[in-house]
Ligand code: FES
Ligand SMILES: [Fe+2]
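Residue numbers (the UniProt record's numbering): 1 to 332.
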């Protein structure tokens with residue numbers, strides 16, 4: 001395994017990062033990397049948990065161990081850690097001997113929400129927001145990904161904020177080059193989010209399960225609500241059928257990202273879920289094909305570094321917000 005080093009980013013280490021599909025986390029602990037830090041995640045009857053993926057005894061990876069009731073067992077010498085991180089058993093020592101207080105694992109905040117496992121490797125700046133469209137039974141959320149991309153998470157979020165590529169990168173699917181002209185649109189900035197007004201986009205093929213005729217104009221609203229988390233809604237104004245997409249990224253390192261999406265719809269519950277997941281896989285593959293080739297690889301926060309067009313107003317606001325927040329990883 002290649003050596004990894006924790007990246008220094010006082011802002012991103014206080015964010016919740018998606019690290020695993022919840023339904024895939026069973027009895028076995030799993031190892032993930034967040035900002036260069038190795039993290040072990042595991043499930044017990046109490047819920048989901050995360051610890052630094054390192055046993056204080058001799059540095060073995062706890063993710064290679066196993067769970068017994070609600071303790072995590074190190075695979076090397078069998079030390080057992082409870083969910084508070086305290087070592088509660090050292091098999092090599094006599095039962096009446098005291099366990100050193102320093103024998104502990106570093107516990108990280110960990111939650112399960114929207115079908116994903118989220119971890120924060122610092123003190124969380126905010127709780128994860130509550131989004132009705134991923135919780136309300138009128139909607140049907142599906143976790144997609146992870147998509148492993150050799151690109152900065154910031155470039156991926158910026159791509160998600162972009163409208164003018166839909167007709168080209170996703171031509172024939174989410175737009176058409178003959179309908180590439182965008183209306184002037186406004187964005188709104190609040191302390192914790194930046195979002196657009198309604199933006200109509202013509203799509204040559206109606207999306208899966210839609211009652212719409214072949215070519216349909218969908219109304220988009222895009223929003224960035226954390227440095228590495230964004231969402232959009234795509235609505236058929238005639239029928240009210242709405243698709244929400246939450247996109248969030250684990251910044252594995254500066255140049256490696258694990259992208260998760262949650263797609264939630266309030267229509268076509270009879271259409272197989274896999275059809276929606278396959279569609280998202282195709283769309284994201286098209287995006288990654290471009291994003292992995294962009295230069296500079298890290299998102300330039302200097303607004304003179306690339307040529308901004310008025311269609312890029314949300315992306316420019318995103319770059320400004322990253323500057324305001326002081327995000328380091330994935331930026332230049
Ligand atoms: S390294 Fe974990 S118990 Fe020894
Ligand atoms: Fe795209």
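For glycine and all other residues, C-beta sits at the position ideal for the given N, C-alpha and C.
Assigned secondary structure, residue i (DSSP; H/G/I helix, E/B strand, else coil)
i, result
"residue 246", "strand"
"residue 16", "coil"
"residue 80", "strand"
"residue 58", "coil"
"residue 219", "strand"
"residue 42", "strand"
"residue 154", "helix"
"residue 116", "strand"
"residue 314", "helix"
"residue 164", "coil"
"residue 132", "helix"
"residue 293", "coil"
"residue 196", "strand"
"residue 99", "coil"
"residue 123", "coil"
"residue 225", "strand"
"residue 210", "coil"
"residue 28", "coil"
"residue 189", "strand"
"residue 329", "coil"
"residue 69", "coil"
"residue 230", "strand"
"residue 23", "helix"
"residue 140", "strand"
"residue 180", "coil"
"residue 283", "helix"
Same chain, Cβ closer than 7 angstroms to residue i, five either side skipped, listed in chain order
i, result
"residue 193", "223, 224, 225"
"residue 123", "14"
"residue 187", "194, 195, 196, 313, 314, 317"
"residue 42", "29, 49, 67, 72"
"residue 140", "264, 265, 269"
Nearest to residue i (by Cα), restricted to the options the options
i, options, result
"residue 210", "285, 37, 153, 270", "270"
"residue 336", "76, 87, 239, 313", "The displayed coordinates of the chain run from 1 to 332. Any statement about residue 336 would go beyond what the structure contains."
"residue 315", "303, 11, 116", "303"
"residue 341", "37, 80, 117", "Absent from the model: residue 341. The displayed extent of the chain is 1 to 332, so no value can be given."
"residue 133", "38, 332, 241", "241"
"residue 45", "253, 60, 25, 61", "25"
"residue 39", "23, 27, 205, 60", "60"
"residue 156", "295, 28, 217", "295"
"residue 189", "8, 41, 328, 324", "324"
"residue 65", "276, 93, 27, 146", "27"
"residue 82", "94, 93, 92, 99", "99"
"residue 172", "76, 216, 111, 300", "216"
"residue 9", "55, 227, 151", "227"
"residue 329", "151, 281, 147", "151"
"residue 142", "281, 308, 101, 307", "281"
Own chain partners of residue i with C-beta closer than 6 angstroms, once the 5 adjacent residues on each side are dropped
i, result
"residue 127", "none"
"residue 248", "18, 229, 260"
"residue 159", "287, 291"
"residue 246", "231, 262"
"residue 234", "218, 220, 243"
"residue 165", "none"
"residue 333", "For residue 333 there is no data in the structure shown, the boundaries of the chain being 1 and 332."
"residue 176", "167, 204"
Whole-angstrom C-beta distance between residue j and residue i, which should lie under 8 angstroms
i, j, result
"residue 57", "residue 74", "7 angstroms"
"residue 244", "residue 120", "Contact doesn't hold; Cβ gap of about 24 angstroms is too wide."
"residue 53", "residue 31", "5 angstroms"
"residue 262", "residue 170", "That belief does not hold up - the Cβ atoms of residue 262 and residue 170 are roughly 19 angstroms apart, past 8 angstroms."
"residue 319", "residue 299", "7 angstroms"
"residue 22", "residue 117", "5 angstroms"
"residue 179", "residue 202", "4 angstroms"
Contacting residues, own chain, Cβ-Cβ under 8 angstroms from residue i (five flanking each side not counted)
i, result
"residue 88", "71, 80, 81, 82, 99"
"residue 108", "39, 50, 51, 52, 119, 120, 121"
"residue 208", "268, 271, 275, 276, 279"
"residue 327", "9, 11, 12, 154, 227"
"residue 131", "114, 231, 244, 246"
"residue 322", "154, 227, 299, 301, 331"
Any chance you could list the residues with Cβ under 7 angstroms from a heavy atom of ligand 1, keeping chain order? 55, 57, 58, 59, 60, 74, 76, 77, 78, 79
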